[in-house]
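Working notes, beginning with the structure itself.
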Amino acid sequence: MTMLEAPRLPDRSSAPRIVTASASGADSDRILVFGDAVFAPGVSLPDAARTMAENVAARSGRGVDVTAVPWSSWSGQTLLSAGSGIHAANYDVVVVCLSGSVVHSRTTTTAVVGAAEEALVLVDQLRPLLAPTTEIVLALAHEEDQSALVHALQQARRDLVVLGVDTDVVTCTPPLFLEVVHLLLEQQRARAGSPQWIRSTPQRVQDRYDAIRRLGVVDAPADAALDRMVQQMTELFRTRGAAITFLPLGRQWSAASVWFPRGTGALQDSFCRSTVLHSGPTVIEDAWDRNRPQVARRGRIRFYAGHPLEDLDGTRVGAVCVFDPSPRGEDAVELDLLRDFAVLARNALYRR
1 MTMLEAPRLP DRSSAPRIVT ASASGADSDR ILVFGDAVFA PGVSLPDAAR TMAENVAARS
61 GRGVDVTAVP WSSWSGQTLL SAGSGIHAAN YDVVVVCLSG SVVHSRTTTT AVVGAAEEAL
121 VLVDQLRPLL APTTEIVLAL AHEEDQSALV HALQQARRDL VVLGVDTDVV TCTPPLFLEV
181 VHLLLEQQRA RAGSPQWIRS TPQRVQDRYD AIRRLGVVDA PADAALDRMV QQMTELFRTR
241 GAAITFLPLG RQWSAASVWF PRGTGALQDS FCRSTVLHSG PTVIEDAWDR NRPQVARRGR
301 IRFYAGHPLE DLDGTRVGAV CVFDPSPRGE DAVELDLLRD FAVLARNALY RR
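The opening position of the sequence shown corresponds to residue 1 in UniProt numbering, with each subsequent residue numbered one higher.
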């Protein structure tokens with residue numbers, strides 16, 4: 001399973017340095033982590049998020065996206081403020097860590113109890129922004145045994161999972177925490193209205209427009225990294241064409257393309273406008289097949305395979321795609337690998 005580098009938001013005085021790391025695989029899960037109590041001390045946030053994604057993916061056999069938000073339960077900052085701009089409804093599991101920021105501050109038991117009570121208020125403020133079935137994990141980190149407090153909190157709040165994390169022995173992401181997250185994801189997928197189901201439905205168009213505007217990629221000069229990427233895609237998938245596209249209001253913008261020129265294209269000629277409607281890949285074996293009236297014949301392209309291109313919190317802004325003038329079967333493209341290119345393209349956008 002390939003691990004993909006974690007990008008971060010550009011440094012801004014008004015925004016936290018949020019990072020997202022991804023593990024390869026289809027049908028990915030999304031985890032949002034506030035704080036660092038479940039990460040090994042001294043490990044950078046991108047590396048810690050990447051390790052968590054890898055460990056959860058190894059248990060689930062699916063792709064995983066982990067978004068990590070630098071937040072401290074002692075700072076007085078609300079979760080809403082720390083995660084400002086994040087579409088929290090896109091996440092399956094939200095983890096709220098009670099610990100000192102970065103260095104895992106050692107404090108008194110009284111201080112931990114007070115922080116736990118305050119955190120419950122913060123969680124309640126966050127809850128309306130989540131999907132109805134999103135699971136919340138409260139990770140209580142302290143150097144002393146907190147089992148009694150964990151038990152009391154769990155009895156009082158059946159709507160979330162409370163876990164104790166021993167900061168004296170944390171050298172990696174705790175196995176118990178990883179197993180609990182995995183079990184929550186598996187249980188959640190069996191429910192109606194899960195975040196996974198919500199992600200598979202069309203997102204708000206305005207959210208896409210806003211995310212594209214923040215990226216600042218439309219009408220921008222050619223990007224050498226994206227140009228190399230689409231060339232690699234044609235070679236790897238053995239197709240005539242490949243593109244990295246965005247769908248702003250009223251048009252399609254190809255930031256990089258092989259076979260067709262980069263730049264603006266007509267929206268009515270776009271296969272990618274169908275790709276952004278759901279979270280998984282779109283494969284059209286033969287666009288000229290008269291037995292598939294739902295697929296309009298579009299010029300010279302007959303075979304198309306695309307995967308949504310997302311920003312850091314899962315808002316779909318466009319697609320990475322390969323296409324060819326000859327029809328092909330669905331198994332002609334390794335879809336997990338196509339998702340990897342979507343993640344690589346996302347990372348490249350945030351490194352600009």
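Even glycine gets a Cβ: it sits at the ideal position worked out from N, Cα and C.
The structure presented is a predicted model; accordingly, all values stated were derived computationally and were not measured.
Compare the Cα-Cα distances from GLU118 to each of THR134, ARG240, CYS97, THR67 and report the closest residue.
-> With distances taken between Cα atoms, GLU118 lies closest to CYS97.
Measuring CA to CA, which of ALA152, ASP340, ARG59 is closest to GLU179?
-> Distance check between GLU179 and each of ALA152, ASP340, ARG59 places ARG59 closest, using alpha-carbon atoms only.
Measure the alpha-carbon distance for GLU235 versus GLN154 and round it to whole angstroms.
-> One C-alpha to the other measures close to 53 Å.
According to the neighbour-count rule (16 or more other Cβ atoms, all chains shown, within 10 Å of its Cβ), is PRO128 buried or exposed?
-> Taking every protein chain shown into account, the CB of PRO128 has fewer than 16 other CB atoms within 10 angstroms, so this residue is exposed.
Taking contact to mean at least 3 C-beta pairs separated by less than 8 Å, is the stretch 254-272 in contact with the stretch 185-203?
-> In short, these stretches do not touch, since the Cβ pair count stays below three.
Helix, strand or coil: how does DSSP classify ASP313 here?
-> Residue state, collapsed to three classes: coil.
Per DSSP, PHE246 is paired with what?
-> TRP253, GLY318, per the DSSP bridge assignment.
3-residue-minimum beta strand (DSSP E) runs that sit fully inside the stretch 115-164, ordered along the chain | Unbroken beta strand (DSSP E) runs of no fewer than 3 residues, entirely contained in the stretch 115-164, are found at 135-142, following chain order.
Would you mind working out which of ALA21, VAL19, ALA26, SER22 sits nearest THR282, comparing C-alpha positions?
-> Ranking ALA21, VAL19, ALA26, SER22 by Cα distance to THR282 puts ALA26 first.
Per DSSP, what kind of secondary structure is ILE31 in: helix, strand or coil?
-> Judged by DSSP in its simplified three-state form, ILE31 adopts strand.
Taking DSSP as the reference, what is the three-state secondary structure of SER105?
-> Low per-residue confidence applies at SER105: pLDDT is 47, beneath 50, and the placement is therefore not dependable, though the value from the model is reported in the following sentence. Coil, per DSSP.
May I have the straight-line CA-CA distance separating ARG30 from SER200, to the nearest angstrom?
-> Each residue's CA atom was taken as its position, placing ARG30 and SER200 some 13 Å apart.
May I ask you to verify whether the stretch 16-24 touches the stretch 53-71, counting CB pairs closer than 8 Å and requiring at least 3?
-> Enough Cβ pairs lie closer than 8 Å, so yes.
Apart from the five residues on each side of it in sequence, which residues of its chain come closer than 7 Å, Cβ to Cβ, to THR133?
-> Cβ-Cβ distances below 7 Å link THR133 to GLN188, ARG191, GLY193, SER194, PRO195 in the same chain, with the five nearest sequence neighbours on each side left out; the list follows chain order.
Roughly how many whole angstroms lie between the Cα atoms of GLU54 and PRO46?
-> Cα to Cα, the separation comes out at about 12 Å.
List the endpoints of the continuous alpha helix (DSSP H) containing SER72.
-> In the DSSP assignment, SER72 falls outside any alpha helix (DSSP H) and carries neither an H nor an E.
Quick one, are the C-beta atoms of THR245 and CYS272 less than 7 Å apart?
-> Yes, the pair counts as a contact, with Cβ atoms nearer than the cut-off.
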